[in-house]
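> Residue numbers in the sequence shown follow the working numbering, run continuously in steps of one, and reach 779 at the last position.
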Amino acid sequence: ERPLRFAHKRHDLIPISIDDPREIKLPEVGLLAVRDLETGKRLVVDTASAAVRERYRDHWETSVAQRRSLFYALGLDVVELSTDQPFFPPLLGFFHRRQRRLAQGR
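(1) Can you grab the Cα-Cα spacing for the pair G713 / A706, in whole Å?
(2) Would you kindly check if the distance between the Cβ of P694 and the Cβ of F744 is under 8 Å?
(3) Determine the DSSP secondary structure at A706, reduced to helix, strand or coil.
(4) Work out the CA separation of R678 and S690 for me, nearest whole Å.
(5) Taking 7 Å as the cut-off, is the beta-carbon of Q777 closer than that to any non-hydrogen atom of the ligand SAH?
(6) Evaluate L775 with the Cβ neighbour count: other Cβ atoms within 10 Å of its Cβ, from every protein chain shown; 16 or more gives buried, anything less gives exposed.
(7) Would you tell me roughly how many angstroms separate the C-alpha atoms of V717 and S742, rounded to the nearest one?
(8) CB-CB under 8 Å to R730, same chain, minus the five flanking residues each way: which ones, in chain order?
(9) Grab the span of the beta strand (DSSP E) containing V751 for me, first residue to last.
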């Protein structure tokens, strides 16, 4: 949070959040060996378990909510994109809305 706050004071930051639908919903494929990218810890997850898939989905939703809250608290405009959708229309729409808002002094 601190680096974003500092950078936002000196620069016009526009975070671009790119989500991949394959990361949102854990596939139901049985046992799956995974590695935690933050800790490097390896573990085996039973994706056939509805409870495991639900916890995964809850964790993802919490992460997205925290990310959005942080950007909102810092007053940052965010572009949210998905890898399964064309990126140009949301980017164009974002910058048009932003331009209108800035022209109105908000």
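Beta carbons are placed, not taken as given, at the ideal position from N, Cα and C, and that holds for glycine. These numbers were taken from a predicted model, which means no experiment stands behind them.
Walking through what the data contain:
(1) Translated into positions along the sequence shown, residue 713 becomes position 40. Translated into positions along the sequence shown, residue 706 becomes position 33. Between G713 and A706, the C-alpha separation is close to 12 Å.
(2) In the sequence shown, residue 744 corresponds to position 71, counting from 1. In the sequence shown, residue 694 corresponds to position 21, counting from 1. Taking 8 Å as the Cβ cut-off, F744 and P694 do not qualify as a contacting pair.
(3) The sequence position of residue 706 within the sequence shown is 33, counting from 1. Strand.
(4) For the purposes of this step, residue 690 is taken as residue 17 along the sequence shown, with counting starting at 1. For the purposes of this step, residue 678 is taken as residue 5 along the sequence shown, with counting starting at 1. The alpha-carbon atoms of S690 and R678 are separated by roughly 17 Å.
(5) The model depicted lacks the ligand SAH and carries no ligand whatsoever.
(6) Counted from its first residue, the sequence shown places residue 775 at position 102. Classification for L775: exposed.
(7) By 1-based counting over the sequence shown, the position of residue 717 is 44. By 1-based counting over the sequence shown, the position of residue 742 is 69. Answer to the nearest angstrom: the Cα atoms are 31 Å apart.
(8) Mapped onto the sequence shown, residue 730 falls at position 57. Hits under 8 Å: I697, K698, L699.
(9) By 1-based counting over the sequence shown, the position of residue 751 is 78. Here V751 belongs to no beta strand (DSSP E), and DSSP marks it neither H nor E.
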